[in-house]
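Number of protein chains: 2
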Amino acid sequence: MRGTVDMNFLFTLGEVQRMVRAYADRQAARYGITRAQWAVLAKVERTEGLKQSELAEQMEMQPITLTRLIDKLCDNGWIERRGDENDRRVNRLYLRKAARPLLGKLAGLRSELTATALDGINPTDAHRLLDQLDLIKENVRNAIQNPAGEPPRKEQRYG
Amino acid sequence: MRGTVDMNFLFTLGEVQRMVRAYADRQAARYGITRAQWAVLAKVERTEGLKQSELAEQMEMQPITLTRLIDKLCDNGWIERRGDENDRRVNRLYLRKAARPLLGKLAGLRSELTATALDGINPTDAHRLLDQLDLIKENVRNAIQNPAGEPPRKEQRYG
DNA sequence: GGGATATAATAAGCTTGCTTATGATTTCTG
DNA sequence: CAGAAATCATAAGCAAGCTTATTATATCCC
């Protein structure tokens with residue numbers, strides 16, 4: 001049983017995500033934004049005033065990757081960096097008014113894309129799928145943090 | 001119900017795949033290969049003698065993306081391009097002997113990575129997950145082929 | 001207070017994905 | 001057979017991920 005999963009999981013995940021990304025990028029391009037930039041913008045919408053480093057951590061990406069996405073969002077006038085009053089190293093991120101109409105359109109697009117991708121999967125299964133993806137993310141995060149040879153301690157969860 | 005799936009699916013998929021890719025790349029680096037190159041090598045192993053264009057189609061990637069991965073695999077002496085006798089535009093791809101030991105190690109690594117990622121998901125669920133990923137891939141492929149406004153015909157499957 | 005250390009953001013340069021374009025063939029058609 | 005169209009591989013240049021290194025600023029500790 002496990003054998004056939006071995007055969008396919010790793011590469012299938014890559015292919016799926018590549019196709020979903022290509023599709024989402026193409027659709028988002030209608031609004032002059034990419035999927036990666038969109039993810040950042042959506043996060044800033046939900047939690048304004050974050051520092052870049054906090055945002056990078058929450059999005060599980062490297063700060064430098066984020067820096068360049070933010071550059072684009074600023075260039076387009078959708079968000080802005082404001083220096084922190086107490087720590088001059090820090091930039092905090094805020095939405096600009098120009099982003100509002102875009103965010104409305106993107107919310108519709110997200111529903112549309114999700115519905116397309118998940119067509120034929122009922123809501124119960126869709127939820128389970130999402131939960132499993134989160135679990136996989138957690139598993140991999142642990143694996144990255146506990147370097148290879150060590151016993152799988154799973155962050156003392158069961159301790 | 002569907003609302004919460006809307007909220008997360010698109011970006012969660014991206015995050016999961018980014019983490020899995022980072023992890024798989026780091027592990028594969030021990031053998032001097034990347035995950036993307038590995039996928040190509042594994043495909044060539046299973047079906048030697050393919051042309052590049054056929055391979056690109058089967059792997060759902062653009063020919064130019066594949067060209068550069070093949071460049072790397074050839075540079076490392078794991079595969080070789082041989083000109084087709086009947087069509088001088090065509091290169092056909094073959095394994096070289098030097099790839100054999102590597103392929104053995106990679107098979108072990110794949111099991112290990114898959115087991116790590118799927119830890120806590122039982123085989124039945126893992127199979128369902130894989131099936132759902134394939135379904136999503138199919139859905140997106142159809143969406144890309146049937147440009148946006150059209151009725152979703154799904155390739156006459158039910159016809 | 002001042003030097004060592006840590007943190008925030010960015011820079012440089014790589015990989016792997018993409019789109020669009022080009023050159024070399026082959027195939028189709030008239 | 002010759003010119004048009006298609007196909008195969010590659011090139012150029014962009015996006016977005018990464019690692020490693022750099023600069024500016026804060027913080028810690030003596």
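These protein sequences, in sequence, are chains A and B. The numbering of the first sequence is UniProt numbering, which starts it at 1 and goes up by one. The numbering of the second sequence is UniProt numbering, which starts it at 1 and goes up by one. Cβ coordinates follow ideal geometry from the N, Cα and C atoms, glycine included.
Bridge partners of tyrosine 94 of chain A, per DSSP?
-> Here residue 94 of chain A is taken as the residue at index 94 of the first sequence, counted from 1. Under DSSP, tyrosine 94 of chain A takes part in a beta bridge, and its partners are A:Glu80.
Scan the stretch 3-91 of chain A and note each continuous alpha helix (DSSP H) run of 4 residues or more that stays entirely inside, going in chain order.
-> 35-46, 52-58, 63-75
Do we get a CB-CB distance below 8 Å when we pair leucine 133 of chain A with the residues of chain B?
-> On the first sequence, position 133 is the one that residue 133 of chain A refers to. At least one chain B Cβ lies under 8 Å of leucine 133 of chain A.
Cα-Cα separation, glutamine 52 of chain A to valine 40 of chain B = Within the first sequence, residue 52 of chain A is the residue found at index 52, counting from 1. Within the second sequence, residue 40 of chain B is the residue found at index 40, counting from 1. Rounded to whole angstroms, the separation of the alpha carbons of valine 40 of chain B and glutamine 52 of chain A is 36 Å.
Arginine 110 of chain B CB to nearest chain A CB: under 8 Å?
-> The count along the second sequence starts at 1 and reaches residue 110 of chain B at position 110. By this cut-off, arginine 110 of chain B is an interface position.
For the stretch 114-129 of chain B, which residues have a beta carbon sitting closer than 9 Å to at least one beta carbon of chain A?
-> Thr114, Ala115, Thr116, Ala117, Leu118, Asp119, Gly120, Ile121, Pro123, Thr124, Asp125, Ala126, His127, Arg128, Leu129
Grab me the residues of leucine 113 of chain B's own chain with a C-beta within less than 6 Å of its C-beta, minus the 5 sequence neighbours each way, in chain order.
-> Locating residue 113 of chain B in the second sequence gives position 113, where the first residue counts as 1. Excluding residues within five positions, the ones whose Cβ falls inside 6 Å are Ala24.
Secondary structure at aspartate 131 of chain B, three-state DSSP: helix, strand or coil?
-> For the purposes of this step, residue 131 of chain B is identified with residue 131 of the second sequence, where counting begins at 1. In the structure shown, aspartate 131 of chain B sits in a helix (DSSP, three-state: H, G or I).
Is valine 16 of chain B closer than 8 Å to isoleucine 136 of chain A when the C-beta atoms are compared?
-> Your numbering for residue 136 of chain A matches position 136 in the first sequence. Your numbering for residue 16 of chain B matches position 16 in the second sequence. Yes, the Cβ-Cβ distance between isoleucine 136 of chain A and valine 16 of chain B is below 8 Å.
Is the Cβ-Cβ distance between residue 171 of chain B and glycine 49 of chain B less than 8 Å?
-> No information on residue 171 of chain B is available, as it lies outside the stretch 1 to 159 that chain B covers here.
Neighbourhood of alanine 36 of chain A by C-beta distance below 7 Å, restricted to the same chain and skipping five residues each side = By one-based count along the first sequence, residue 36 of chain A stands at place 36. Hits under 7 Å: Leu69.
Output the boundary residues of the alpha helix (DSSP H) element that contains leucine 106 of chain B.
-> Along the second sequence, one-based indexing puts residue 106 of chain B at 106. Per DSSP, the unbroken alpha helix (DSSP H) holding leucine 106 of chain B starts and ends at 99-117.
Collapsed DSSP secondary structure at cysteine 121 of chain B in the structure displayed | Locating residue 121 of chain B in the second sequence gives position 121, where the first residue counts as 1. The question names cysteine, but residue 121 of chain B in the sequence shown is isoleucine. Coil.
Does threonine 47 of chain B have its Cβ less than 8 Å from a Cβ in chain A?
-> In the second sequence, counting from the first residue as 1, residue 47 of chain B sits at position 47. Not closer than 8 Å to any Cβ of chain A, the Cβ of threonine 47 of chain B fails to qualify, so no.
State buried or exposed for threonine 124 of chain B, treating a residue as buried only when at least 16 other CB atoms are found within 10 Å of its CB.
-> As a working mapping, residue 124 of chain B is identified with position 124 in the second sequence. That one is exposed.
Could you tell me whether the Cβ atoms of glutamine 27 of chain B and lysine 43 of chain B are closer together than 8 Å?
-> As a working note, residue 27 of chain B is residue 27 in the second sequence. As a working note, residue 43 of chain B is residue 43 in the second sequence. In this structure, lysine 43 of chain B does not lie closer than 8 Å to glutamine 27 of chain B by Cβ.
Are the stretch 119-133 of chain A and the stretch 114-133 of chain B in contact at 8 Å, needing three or more beta carbon pairs?
-> yes
Applying a beta-carbon distance threshold of less than 8 Å, which residues of chain B neighbour threonine 12 of chain A?
-> Within the first sequence, numbered from 1, the residue matching residue 12 of chain A stands at position 12. Residues of chain B passing the Cβ test: Leu130, Leu133, Asp134, Lys137.
Would you tell me roughly how many angstroms separate the C-alpha atoms of alanine 56 of chain A and isoleucine 64 of chain A, rounded to the nearest one?
-> Looking up residue 56 of chain A in the first sequence gives position 56. Looking up residue 64 of chain A in the first sequence gives position 64. Cα-Cα distance, rounded: 9 Å.
Do you know whose CA, among B:Met61, B:Thr67, B:Arg96, B:Arg81, lies nearest arginine 21 of chain A's CA?
-> Here the question's residue 21 of chain A lines up with position 21 in the first sequence. When each option's Cα is compared against that of arginine 21 of chain A, the closest is B:Met61.
Give a yes or no on whether 8 Å exceeds the smallest Cβ distance from glutamine 37 of chain A to chain B.
-> Translated into the one-based positions of the first sequence, residue 37 of chain A becomes position 37. It does not: the Cβ of glutamine 37 of chain A has no partner Cβ on chain B nearer than 8 Å.
Which term fits arginine 110 of chain A, buried or exposed, when burial requires 16 or more other beta carbons within 10 angstroms of its beta carbon?
-> Stepping through the first sequence from its first residue, residue 110 of chain A is reached at position 110. Buried: at least 16 other Cβ atoms inside 10 Å.
Proximity winner among A:Arg128, A:Thr34, A:Arg18, A:Ala126, relative to asparagine 76 of chain A (alpha-carbon distances) | Working through the first sequence from its first residue, we reach residue 76 of chain A at position 76. Ranking A:Arg128, A:Thr34, A:Arg18, A:Ala126 by Cα distance to asparagine 76 of chain A puts A:Thr34 first.
Along chain A, in chain order, which residues have C-beta atoms closer than 7 Å to that of glutamine 17 of chain B?
-> Within the second sequence, the letter at position 17 stands for residue 17 of chain B. Chain A residues near glutamine 17 of chain B: Leu13, Gly14, Gln17.
Between leucine 106 of chain A and tryptophan 78 of chain A, is the Cβ-Cβ spacing less than 8 Å?
-> Residue mapping note: residue 106 of chain A aligns to position 106 of the first sequence, counting from 1. Residue mapping note: residue 78 of chain A aligns to position 78 of the first sequence, counting from 1. Cβ distance not < 8 Å, so leucine 106 of chain A and tryptophan 78 of chain A don't count as in contact.
What do you reckon, are the CB atoms on arginine 92 of chain A and arginine 82 of chain A nearer than 8 Å?
-> Numbered from 1 along the first sequence, position 92 holds the residue referred to as residue 92 of chain A. Numbered from 1 along the first sequence, position 82 holds the residue referred to as residue 82 of chain A. Yes, Cβ-Cβ distance for arginine 92 of chain A and arginine 82 of chain A is below 8 Å.
When the Cα atoms are used, what is the spatial distance from arginine 89 of chain B to isoleucine 144 of chain B?
-> Translated into positions along the second sequence, residue 89 of chain B becomes position 89. Translated into positions along the second sequence, residue 144 of chain B becomes position 144. Cα to Cα, arginine 89 of chain B sits roughly 29 Å from isoleucine 144 of chain B.
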